[in-house]
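In what follows, a single structure is set out as structure tokens and then discussed.
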Amino acid sequence: MANSASLSSANFSYVKNNIKGEATATYILGIGGLAKETLVNDAKQKMLTDNPLKNNQALANLTVNYKTSGYFIFYTTCTCTVTADVVEFK
């Protein structure tokens, strides 16, 4: 695997903890908004735009959370939050 790294040995250090990005979709009568995969990609892109990775850095402990709120089926919003830690390899 050319694009893999092992976090099992002491060859890295944490640079940033709990960086995050968010994306929100709005649905009216269940129509509109973005697919969940697109929400995740948008949130991850925002996270990386705000926290660009440098050489020898990678994301670790990546989590994806969704929060849906609204007024029954008439008006609904879905917010996707992606969080991660940034590690740097020696």
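Every letter in the sequence shown is one number past the one before it in our numbering, and letter 65, counting from 1, is 1534.
Glycine residues also receive a C-beta, built at the ideal position from the N, C-alpha and C atoms.
Query                                                                                                                                                        : Result
So, at 8 Å on beta carbons, what are the nonlocal neighbours of Met1470 in its own chain, with the 5 sequence-adjacent residues on each side left out?       : Note that Met1470 scores 39 on pLDDT, short of 50, meaning its location in the model is unreliable; the coordinates nonetheless yield the value given after this. So no residue of the chain qualifies.
Just to confirm before moving on: does the CB-CB distance between Lys1515 and Gly1490 stay below 7 Å?                                                        : yes
Considering just the uninterrupted stretch of the beta strand (DSSP E) at Asn1584, what are its terminal residues?                                           : Because the chain here runs from 1470 to 1559, residue 1584 falls outside it and cannot be looked at.
Whose C-beta lies closer than 7 Å to the C-beta of Asn1525 among residues of the same chain, with five residues either side of it excluded?                  : Glu1557 and Phe1558
Using C-beta distances below 6 Å, list every residue in its chain close to Phe1481, excluding the 5 sequence neighbours before and after it, in chain order. : Val1556 and Phe1558
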